[in-house]
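Enquirer: Heads up: the sequence shown is residues 1 to 482, going by the numbering used here.
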Amino acid sequence: MFKSRKNGVNRFAAASTRQRVQLEHNSILNSEYPFRLNFYRQPPPADITIEEFELFALDRLQVLKALETAKLRSRSDEDFKRDVQTALDKYLPMKSNSAKTNLVEERRKDHISHFVLRLAYCRSEESRDWFLRQEDALFKFRFEQETAEDKRLFLETANLDWKVVDPATKKEVQQELERCVNALSLKNKSISIANYVAGETYFEVNFEKVPDLVRRRAVYVHKGKAFVPMANQLSLVLDEFGSQLSKMLQATAKALPRLEEDDRLKPILVNVEKQYIGKVYNGGEGVNGDLKAGDVDKIVEQYGPLCMRTLNDALRREKHLKHGGRVQYGLFLKAIGLSVEEALLFWRTAFANKTDEQFQKQYAYNIRHNYGLEGKRVSYSSFSCGKIIKGSLPSAGDHHGCPFRHFSSGNLEATLYKDKLTGNQVRGLLDLVRDSHYQVACTKYFEFTHPQHEKIDIIEHPNAYYELSLESENNDAMDVER
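1) Give me, in chain order, the residues of the same chain whose beta-carbon lies closer than 6 Å to that of residue 306; leave out the 5 immediate sequence neighbours on both sides.
2) Reducing DSSP to helix, strand and coil, say where residue 100 ends up.
3) Taking 8 Å as the cut-off, decide whether the C-beta atoms of residue 383 and residue 328 are in contact.
4) Tell me the DSSP secondary structure of residue 318 in three-state form.
5) Counting only runs that start and end within the segment 213–292, where is the alpha helix (DSSP H) found for 4 or more residues in a row?
6) Which residues does DSSP pair with residue 338 in a beta bridge?
7) Could you check whether residue 272 and residue 153 sit closer than 8 Å to each other, using their CB atoms as the reference points?
8) Determine, using beta carbons only, whether residue 119 and residue 331 come nearer to each other than 8 Å.
9) Taking 8 Å as the cut-off, does the segment 381–397 touch the segment 132–140 (at least 3 CB pairs, one atom from each stretch)?
10) Can you tell me whether residue 222 is buried or exposed, with buried defined as 16 or more other CB within 10 angstroms of its CB?
11) What do you reckon, are the CB atoms on residue 419 and residue 449 nearer than 8 Å?
12) Mapping DSSP to helix, strand and coil, what is residue 159?
13) By Cβ distance below 6 Å, which residues in the same chain neighbour residue 262 in space, the five residues on each side in sequence not counted?
14) Which residue comes first and which comes last in the alpha helix (DSSP H) that contains residue 53?
15) Applying the 10 Å Cβ sphere with the 16-neighbour rule, what's the burial state of residue 423?
16) Just reading off the beta strand (DSSP E) that residue 202 is part of, what are its end residues?
17) Rounded to whole angstroms, what's the CA-CA distance from residue 142 to residue 151? Just pull it up for me.
18) Cβ atoms of residue 197 and residue 225: under 8 Å apart, would you say?
19) Helix, strand or coil, according to DSSP, for residue 47 in the structure here?
The following block contains the structure:
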């Protein structure tokens, strides 16, 4: 009666086990993962297998890469949402609380995968910056998809330091608040701006927390405090998420040496990081490569990215580059195969106005230093796009940096037209630059100037641009007039 003769299972015991598992499931859901949204303040509470450690991280990485690519590829908000949601459904699904199955498993995977990638991408400023941008975009996407009630409940439990503006204070600044309201943005078109302000909840925060709202004059600022309406809470939430994650990444970086004492973790973290960072362009075998000094002009003009062609043009025009330009360009040339002997010849020829003695005293040492032949004898890697964009700003007479980041709008526009881009293409790139999407703009520039090449992921490194350009060699090389 109580045991199945067929399989020997006590049916009452099995039912009791199922009930106990369901209770445990609900307990974990309520205590650890009550919402799909997560600030990731605490590490995962349960044990993790090595297989989960790597697999979960790689799946999340697919989502972050899909987010990055969608920014470049999507022609509309609908396309962007569709592309991102497709990646989430495939690699990192997260059902709402109304679903009955797999909620704990899905949210546990989300939690674990975030922390593994945090470990993998904390070791350098470039990695941290990329991870922070993508996680910020993922959080924003999820927040916008969440129901108003779940957003409210999540924020109530998040312990955010937001001061609600009391009615008396709001009445004092009513007119100032009304001036910041765009009538066209009101969902209820029948309500007056005065009634909207009177009925809206406002938060008082430091103005630095909402730079985008301040820039658009969408908030009233008084004595360093911004009065932010509930309707613009997304800016506040994203600032909290980004600032907290940035601090936690710094803390993780400090703890990483101790964590990597576990021999099982380090190779996994390095492998995961390389999925984004890719190869290190430090020359390697290319230090003894076959690129000759006399071929640099032709090679760079034909295959180099705009930043390196700008440096080469300035070098030929002025017969000199300042230190920042010499380092950025010199390491790029080293990575594409210019040996130290050819580098010394290249720079000596380029600096035609210098005597041999001046060249040896002022420049030769630094060239050999880049190749690991002087000083600490470290063979330096060429700069990534992230490092160039976030590096020192070019001053008068400097030519280093990223043209999409550091050129004036007029200078960049003239350069793009000189490179035979159409009016629509130029306007599209300038729009991306205005929105600070410098690498996206560079990637689109590559596609415009290499129309025969297949679609590519966002370019992260000048040497990656160079290699992609070389792939087009069997087709028509890029045709630009300089």
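A virtual CB, placed ideally from N, CA and C, is assigned to each residue, including glycine.
Expert: This is what the structure holds:
1) 403
2) coil
3) yes
4) helix
5) 233–259 and 265–277
6) 291
7) no
8) no
9) no
10) exposed
11) yes
12) coil
13) none
14) 50–73
15) exposed
16) 202–206
17) 10 Å
18) no
19) coil
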